[in-house]
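Everything below concerns the one structure shown next.
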């Protein structure tokens, strides 16, 4: 099976702009999660979507939003970009094995805000 | 979410065994123990998970203490490719949000 794909891989934006990142999960996986990774804060959970509904949300401001489509593909959007939003954004698709999930991560989108 | 404690770094010789410890003294009965690793310049990679019993897969073994307050990830024969940051994470049964700590940076010495 093909792995998780994320587009674009690299992005440079200016403060105040908005950005949309895309994630295609592994075929058959219905859950998609998003994470932000920075050197200072490490890996932080943003949100999780399952069957087009946001199921879990991390502690991020409302400028960070996401959605999931009927084919399980997901997008995340960051509005009014700040310098501190520069990070690696990782998407993971997952499936349920017994009572818990295994997550499979994409390579990430490296966002630089100038 | 219950917290885990891991050493910041460990070293291992190539082809030797590696035992990566994790303490989770506040674990609840419904928490699963997950291990992920992140190789340089890549996204995290699922390694293994368990609830109460020891688990083996093609990548590693997971040894869980009888009281579940600690666990150990075992790489039976380390290769240079195993150099990575290893994260021990607890997740509630049925939950699908991972809260990563700082993990253990494993260095494999040739």
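Protein chains in written order, with this note's numbering: chain A, 1 to 114; chain B, 1001 to 1110.
Ideal placement from N, C-alpha and C gives every residue a C-beta, glycine not left out.
Quick caveat: nothing in here was measured; it's all calculated off a predicted structure.
Per the C-alpha coordinates, the member of 102(A), 9(A), 114(A), 17(A) positioned closest to residue 80(A) is 17(A).
Between residue 20(A) and residue 71(A), the gap from beta carbon to beta carbon reaches 7 Å or more. Residues of chain A whose Cβ lies closer than 9 Å to the Cβ of residue 1029(B) do not exist, since the nearest Cβ in that chain is about 12 Å away. Residue burial annotation: residue 1070(B) is buried, with at least 16 other C-beta atoms found within 10 angstroms of its C-beta.
Contact of residue 1056(B) with chain A is not assigned, every C-beta pair being separated by 7 Å or more. For residue 76(A), the enclosing beta strand (DSSP E) begins and ends at 74–78. If the five residues before and after residue 110(A) are omitted, its C-beta is found closer than 6 Å to the C-beta atoms of 10, 88, all from its own chain and listed in chain order.
For the C-beta of residue 85(A), not a single chain B residue is nearer than 8 Å; the gap to the nearest is close to 19 Å. The shortest C-alpha to C-alpha distance from residue 1090(B) to any of 101(A), 59(A), 7(A), 106(A) is the one to 101(A). Contact annotation, residue 1027(B) with residue 1035(B): C-beta distance approximately 14 Å; criterion of less than 8 Å not satisfied. Per DSSP, residue 26(A) lies in no beta strand (DSSP E) and is assigned neither H nor E.
Under the Cβ distance rule, residue 1093(B) counts among the residues neighbouring chain A, one pair being separated by less than 7 Å.
In the DSSP assignment, residue 65(A) forms a beta bridge with 77(A). Here residue 1101(B) really is in contact with residue 1004(B); their C-beta atoms are around 6 Å apart, less than 8 Å. Per DSSP, the continuous beta strand (DSSP E) segment holding residue 1034(B) begins and ends at 1031–1038. Any Cβ of chain A closer than 7 Å to the Cβ of residue 1023(B) would place that residue at the interface, and such an atom is absent.
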